[in-house]
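Peer 1: Its first residue numbered 0, the sequence shown is counted upward by one per residue in numbering that gives the first Met the number 0.
For reference, the structure I am asking about is given below.
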Amino acid sequence: MKFEKTLILFGILLRIYLFTLNPPNNTYDNHLEVINKYSLGATIKLEECWECYQPPLFYNLTGSILSISYNLGFSDYICWKIVQGFNVLLSILVLLLFYKMLKNESIKQIYRILFISLWIVFPRDIMASIMITNDYALVFITSLIVYLLSLFLKENSETKKWWILYLLIFALSSIAGLVKQSGLVLLFIPGLLTLKNLITFKNKSYKLGFLGLLLFSICISLSSEYANYKNGYKFLVSAQDFLKVPLDQHPGDINKIEFYNLKFIDLMKAPFFSDETIYSFNTELFASSWFDYDQKYATPSNLSRLSARYSYSLGLLWLIFFLTIILIKFKNTKLSFSINSISNNFNIETFIICLLIVFYIVPLLQTFRYPFYSSMKAQFMLPAFPAILLLIAKMINTLKINQKVLYLIISLNLLLIIFMCLYLYEGTTYGLNKEHGVILFELPNLK
């Protein structure tokens, strides 16, 4: 128990430390511009900036944080650091939620330690949490929904707690689409819950109520996209629809993209974004999950290349481990398709598998819409990662794995912390400049 809490504390301190290193204007896209517009109460026109098309909830909230910080007399830079710290706070809450999920699903302590040691250092999570972006708000909402689901599915429908959890899950699923467009995929959760209730509840009034609540949830989630549509924009509008910047990106043609390979050897030779890997969809997802592939934090050096190769190797080992466990479990699973068995299969595993599928579809669909490397983002899949780790933890919970092997893997995970601290320090201290191709956005004027 003490070791678990020590790991969690270490994960919290690691995020705070790396947050202090990263300037608030080092981010993938210029969300600062939109946040500032909301803080000033400006009218948002979608064609004015790259992120202006995004749903409003995250920007309303962070705009309020920015405005309050400014009115308290902080300098512009400190105001933006406070806004940046909002995602760090959410990442700490996600870490705590992940621990609570493992506990609630009765994962054995040794396996909890194994997966916590991975999550506290998972590069994509850390890199997303220490920058200003609306992505992490969706990670938090998704993780909270999964945690509530793990509680809800153990409750009896006759209890007050069941109804409270049910309404909370619906509410969170509804607002996800107001945080980020990809949050719309979470509508599958109220959809599945409604289907389950239509099967298990016999009262027609209840069934109509469940259907009405689902319709209301869909309307709330789609309200931002509907407003854009009413204002003359296409449904699921994107910045690519009226800004020309990404149109010269590679590959540029869906027929040039490779969907069935993982160019691991090429990654080991060229760890950063390169022509050798840019055409491979799964390679892009893998690389930006396990390292600063897009080079927002790391400067090209012997240290960063060594760190990348270690991180990619660890990622490949985990991927092989995941696939092995999944194959073992699938082989031993008997499927049944009766009405009663369908109702019984509405368990946490079913929801997580669906979560994995829909969040994998997000970058896939975006790539088919806009066949550029900027569409093939692991960041799009990040909201599903804590739940996926929970699923794998549940799969191995009944297996007996040699503890020496487990502690070796835990040690390899923790070793990655040292590499990350070193290359992120090197990059943020010496590498955030135009010479290394890094784009730092201008801090907007708050006056």
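Using N, Cα and C, we set each Cβ at its ideal position, and we do this for glycine too.
As the structure is a prediction and not an experimental result, all values here were calculated from the model.
(1) Using C-beta distances below 8 Å, list every residue in its chain close to L313, excluding the 5 sequence neighbours before and after it, in chain order.
(2) From P443 to D134, what does the alpha carbon distance come to, in whole angstroms?
(3) Keeping to the same chain, check which residues put their C-beta closer than 6 Å to that of T193; ignore five residues upstream and five downstream.
(4) Within its chain, find whatever has a CB closer than 7 Å to the CB of L56; leave out the 5 residues flanking it on each side and keep chain order.
(5) Whose C-beta lies closer than 7 Å to the C-beta of F85 among residues of the same chain, with five residues either side of it excluded?
(6) Which residues in the same chain have their Cβ closer than 7 Å to the Cβ of F336, if we skip the five residues on either side of it in sequence?
(7) Going by other Cβ atoms of all chains shown within 10 Å of its Cβ, with 16 needed for buried, is K433 buried or exposed?
(8) According to DSSP, is E462 helix, strand or coil?
(9) What does DSSP give as the partner residue(s) for P23 in the beta ladder?
(10) Assign E425 to one of three DSSP states: helix, strand, or coil.
(11) Can you tell me the Cα-Cα spacing of M126 and K206, whole angstroms?
(12) Just reading off the alpha helix (DSSP H) that M375 is part of, what are its end residues?
(13) Measuring alpha carbon to alpha carbon, tell me which of K328, F320, F271 ends up nearest A307.
(14) Quick one: what does DSSP say E46 is sitting in, helix, strand or coil?
(15) I need the DSSP call for F336, collapsed to helix, strand or coil.
(16) With a CB to CB cut of under 7 Å and the five nearest residues on each side skipped, what residues in its chain are close to L266?
(17) Among L8, H30, I253, which one has its Cα closest to the Cα of I131?
(18) Give the DSSP-derived three-state secondary structure of E3 in the structure shown.
(19) What three-state label does DSSP hand P250 in the structure shown?
(20) Per DSSP, which one or two residues make a beta bridge with E257?
(21) Might you give, ordered along the chain, the residues of its own chain that have their beta carbon closer than 6 Å to the beta carbon of A297, omitting 5 neighbours on each side?
(22) Run through DSSP, which three-state label would N227 get?
(23) Could you have a look at S105 and say whether DSSP puts it in helix, strand or coil?
(24) How big is the Cα-Cα spacing for T366 and K201?
(25) L186 and S220: beta carbons closer than 8 Å?
(26) Where do the N-terminal and C-terminal ends of the alpha helix (DSSP H) with A127 fall, by residue?
(27) Using the C-alpha atoms, what's the distance from K233 back to G251?
(28) If we ignore side chains and look at the alpha-carbon of each, how far apart do L364 and G211 end up?
(29) Compare the beta carbon distance of I115 and I11 with 8 Å and say whether it is the shorter of the two.
(30) Classify C218 as buried or exposed, calling it buried when 16 or more other Cβ atoms lie within 10 Å of its own Cβ.
(31) Which two residues bound the contiguous alpha helix (DSSP H) that contains C353?
Peer 2: Reading it off the structure:
(1) As a working mapping, residue 313 is identified with position 314 in the sequence shown. Result list for L313: W289, L411, N412, L415, in chain order.
(2) To locate residue 443, count along the sequence shown from 1; it is residue 444. To locate residue 134, count along the sequence shown from 1; it is residue 135. Whole-angstrom Cα-Cα distance: 21 Å.
(3) Position 194 of the sequence shown, counting from 1, holds the residue named residue 193. Within the same chain, T193 has close Cβ partners F209, L213.
(4) If you number the sequence shown from 1, residue 56 lands on position 57. By the criterion of a C-beta distance shorter than 7 Å, L56 is surrounded in its chain by I174, L177, V178, once the five residues flanking it on both sides are discounted.
(5) As a first step, residue 85 must be located in the sequence shown, where it is residue number 86. If the five residues before and after F85 are omitted, its C-beta is found closer than 7 Å to the C-beta atoms of T61, I64, all from its own chain and listed in chain order.
(6) The sequence position of residue 336 within the sequence shown is 337, counting from 1. For F336, the predicted structure reports a pLDDT of 49, less than 50, and the residue's modelled location is therefore unreliable. The matter cannot be settled from this model.
(7) If you number the sequence shown from 1, residue 433 lands on position 434. In this structure K433 is exposed. Its beta-carbon is surrounded by fewer than 16 other beta-carbon atoms within 10 angstroms.
(8) Since the first and last residues shown for the chain are 0 and 446, residue 462 lies out of range.
(9) As a first step, residue 23 is located in the sequence shown; it is residue number 24 there, counting from the start. According to DSSP, which records beta bridges pairwise, P23 is partnered with nothing at all.
(10) Numbered from 1 along the sequence shown, position 426 holds the residue referred to as residue 425. When secondary structure is reduced to three states using DSSP, E425 falls in the helix class.
(11) Stepping through the sequence shown from its first residue, residue 126 is reached at position 127. Stepping through the sequence shown from its first residue, residue 206 is reached at position 207. Approximately 44 Å, taken between the alpha carbons.
(12) For the purposes of this step, residue 375 is identified with residue 376 of the sequence shown, where counting begins at 1. Secondary structure note for M375: it is in no alpha helix (DSSP H), with a DSSP letter that is neither H nor E.
(13) In the sequence shown, residue 307 corresponds to position 308, counting from 1. Closest by alpha carbon: F271.
(14) The count along the sequence shown starts at 1 and reaches residue 46 at position 47. In the structure shown, E46 sits in a helix (DSSP, three-state: H, G or I).
(15) To locate residue 336, count along the sequence shown from 1; it is residue 337. No answer about F336 holds up, because its pLDDT of 49 lies below 50 and its placement is not dependable.
(16) Taking the sequence shown and counting its residues from 1, one reaches residue 266 at position 267. Excluding the 5 residues flanking it on each side, L266 has same chain C-beta neighbours closer than 7 Å at T276, T282, A286, Y311, in chain order.
(17) As a first step, residue 131 is located in the sequence shown; it is residue number 132 there, counting from the start. Checking every option, the nearest Cα to that of I131 belongs to H30.
(18) Against the sequence shown, residue 3 aligns to sequence position 4. The answer is helix: DSSP assigns E3 an H, G or I state.
(19) Numbered from 1 along the sequence shown, position 251 holds the residue referred to as residue 250. Assignment of P250 by DSSP, reduced to helix, strand and coil, places it in the strand class.
(20) Along the sequence shown, one-based indexing puts residue 257 at 258. For E257, DSSP records a beta bridge to S279.
(21) In the sequence shown, residue 297 corresponds to position 298, counting from 1. Spatial neighbours of A297 in its own chain (CB-CB distance under 6 Å, excluding positions within 5 residues in sequence) are listed in chain order as D291, S303, Y422, G426.
(22) The residue labelled residue 227 in the question sits at position 228 within the sequence shown. Helix, per DSSP.
(23) Counted from its first residue, the sequence shown places residue 105 at position 106. The three-state reading of DSSP puts S105 in coil, since its state is none of H, G, I, E or B.
(24) Here the question's residue 366 lines up with position 367 in the sequence shown. Here the question's residue 201 lines up with position 202 in the sequence shown. When rounded, the distance between both Cα atoms is 43 Å.
(25) Within the sequence shown, residue 186 is the residue found at index 187, counting from 1. Within the sequence shown, residue 220 is the residue found at index 221, counting from 1. S220 is positioned such that its CB atom lies closer than 8 Å to that of L186.
(26) Within the sequence shown, residue 127 is the residue found at index 128, counting from 1. Per DSSP, A127 belongs to the alpha helix (DSSP H) from 122-128.
(27) Position 252 of the sequence shown, counted from the first residue, corresponds to residue 251. Position 234 of the sequence shown, counted from the first residue, corresponds to residue 233. A direct Cα-to-Cα measurement between G251 and K233 gives close to 21 Å.
(28) As a working note, residue 364 is residue 365 in the sequence shown. As a working note, residue 211 is residue 212 in the sequence shown. Near 29 Å, if we compare the C-alpha coordinates of G211 and L364.
(29) For the purposes of this step, residue 115 is identified with residue 116 of the sequence shown, where counting begins at 1. For the purposes of this step, residue 11 is identified with residue 12 of the sequence shown, where counting begins at 1. In this structure, I115 lies away from I11, with their beta-carbon atoms at least 8 Å apart.
(30) For the purposes of this step, residue 218 is identified with residue 219 of the sequence shown, where counting begins at 1. Looking at its Cβ environment, which holds fewer than 16 other Cβ atoms inside 10 Å, C218 is exposed.
(31) On the sequence shown, residue 353 is found 354 positions in, with the first residue counted as 1. Counting along the chain, the alpha helix (DSSP H) containing C353 begins and ends at 347-368.
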